[in-house]
Amino acid sequence: MSRRRQIYEGKAKILYEGPEPGTLIQYFKDDATAFNAQKKGTIQGKGVINNRISEYVFTRLNHIGVPNHFIRRLNMREQLVRQVEIIPIEVVVRNVAAGSISKRLGIPEGDMLPHTLIEYYYKDDALGDPMIAEEHIRCFGWAGHDEMQDIADMAIRVNDFMCGMFAAIDIRLIDFKLEFGRIWDGDFSRVILADEISPDGCRLWDMHTGEKLDKDRFRRDLGGEEEAYQEVARRLGLLQDDNGPSEVFDLSKHRKLRGK
């Protein structure tokens, strides 16, 4: 498929004009960023792995009735998606304390939360994606009451499904980020899941060793980012396991490099 006009470039993906009205081509980059793009780098092959993982998850979510923008994968780094009007809210679903919630509230990382927690953040890099409440969302008209109910319901359903999906391959789903968008039919719209679901936007820990299998390896300079992403894909059955057990289980080489 020939490359079309670029519509948007973000930190991890590029959107191009799609072959038909109402479609886009989503290209996955190897670029990695953290701390609101203050830290930048590259994880070799990340785009290919994330494309496959996101395809797998979105396809399975569609099978259980979670509407989303994914249409089909086009090649190693590109997928065809529905064009949506992105709602400027990042939805973070938390099962276990980690990252910013541990820093904000002093909860030890790894503690189970009393129940699944949904947080909302305003999508604005210049402002550092500040945390917001539903009152802010209603006040500024970013989403309506019914839309927020649909978003919360879908977020919980996605969480329930993915917790089971990852637990089946000995991975603990700590937390993850979702984005949603509107698709229009005349004057009427409905909210569907958009963006991607991959180790870029999920915290994934090995159930037995506690090893991090996600972008925290890049954020915290742990090393082994490529192996961690590949391990998630391998366990999901998306890569052939030709080389025997993965070093992600203990990542001993990377511990030695860091003097541990």
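One gets our numbering by counting positions in the sequence shown from 1 and adding 169 to each.
Using N, Cα and C, we set each Cβ at its ideal position, and we do this for glycine too.
Since the structure is predicted, the reported quantities are computational estimates derived from the model, not experimental observations.
Spatial neighbours of G214 in its chain, beta-carbon cut-off 8 angstroms, leaving aside the 5 residues before and after: Here the set comprises D199, E395, Y398 and Q399.
Just the C-alpha distance for N412 and E316, rounded to the nearest angstrom, thanks. With a pLDDT of 46 at N412, under the threshold of 50, the modelled position of that residue is not reliable, and no figure is offered here.
Near I366, what residues of its chain come up, given a Cβ to Cβ distance below 6 angstroms and the 5 sequence neighbours on each side ignored? The answer, listed in chain order, is S223 and V226.
Local conformation of V226 per DSSP, three classes: Three-state result, V226: helix.
Who are the near neighbours of R246 in its chain, counting only those whose CB is closer than 7 angstroms to its CB and skipping five residues on each side? If the five residues before and after R246 are omitted, its C-beta is found closer than 7 angstroms to the C-beta atoms of Y196, F197, G216, V217 and N220, all from its own chain and listed in chain order.
Helix, strand or coil for L243? Go by DSSP, reduced to three states. Reduced to three states, the DSSP call for L243 is coil.
Is there contact here, the region 329-343 with the region 250-270, by at least three beta-carbon pairs under 8 angstroms? The region 329-343 makes contact with the region 250-270: 3 or more CB pairs, one atom from each, lie closer than 8 angstroms.
So A337 and F349 are supposed to be a Cβ contact under 8 angstroms. How far apart are they, rounded? 26 angstroms between Cβ atoms; not a contact.
Taking DSSP as the reference, what is the three-state secondary structure of S367? Reduced to three states, the DSSP call for S367 is coil.
Contact under 9 angstroms by Cβ, R229 with M334: Contact: yes.
By the 10 Å Cβ neighbour count, where 16 or more other Cβ atoms means buried, how is I194 classified, buried or exposed? Buried: at least 16 other Cβ atoms inside 10 Å.
Please determine, among Q175, T192 and E380, the residue with the shortest C-alpha to C-alpha distance to W462. There is simply no residue 462 to check, as the chain begins at 170 and stops at 429 in what is shown.
Let's test the definition: count the other Cβ atoms within 10 Å of the Cβ of M376 and tell me whether it reaches 16, buried, or not, exposed. Around the beta-carbon of M376, fewer than 16 other beta-carbon atoms lie within 10 Å, marking it exposed.
Leaving out five residues before and five after R173 in sequence, what residues of the same chain have Cβ atoms less than 8 angstroms from its Cβ? Taken in chain order, the residues that qualify are Y185, E186, G187, P188 and I194.
Does the Cβ of D383 have 16 or more other Cβ atoms within 10 Å, making it buried, or fewer, making it exposed? Burial is judged here by how many other beta carbons sit within 10 angstroms of a residue's own beta carbon; D383 has at least 16 and is buried.
Which class does V417 belong to by DSSP, given the choice of helix, strand or coil? Its pLDDT being 41, under 50, V417 is placed unreliably in this model, and the value from its coordinates should be taken loosely. V417 falls in the helix class under three-state DSSP.
Determine, using beta carbons only, whether F330 and I240 come nearer to each other than 9 angstroms. Not closer than 9 angstroms, so no.
Which residue's Cα is closest to the Cα of P283: G179, A266, V327 and G379? The shortest Cα separation from P283 among G179, A266, V327 and G379 belongs to A266.
Between I287 and A321, which are expected to be in contact by the criterion C-beta below 8 angstroms, what is the C-beta distance as a whole number of angstroms? Indeed, because the Cβ distance is near 6 angstroms, the residues count as touching under 8 angstroms.
Per-residue DSSP class, three states only, for A402: Here A402 carries a helix assignment [DSSP, helix/strand/coil].
Considering D262, what are the terminal residues of the beta strand (DSSP E) in which it resides? Going by the sequence as given, residue 262 is Val instead of Asp. Its beta strand (DSSP E) spans residues I258 to V265.
Closest to A295 by C-alpha separation, out of I183, G392, Q207 and L391, would be which residue? Of I183, G392, Q207 and L391, the residue nearest in Cα terms is Q207.
What's the C-alpha gap between L391 and K381? The straight-line gap from Cα to Cα measures roughly 9 angstroms.
Closest to F357 by CA distance: which of G406, P299, G313 and E304 is it? For F357, the closest C-alpha among the options G406, P299, G313 and E304 is that of G313.
How many angstroms separate the CA atom of W311 from the CA atom of Q409? Approximately 43 angstroms, taken between the alpha carbons.
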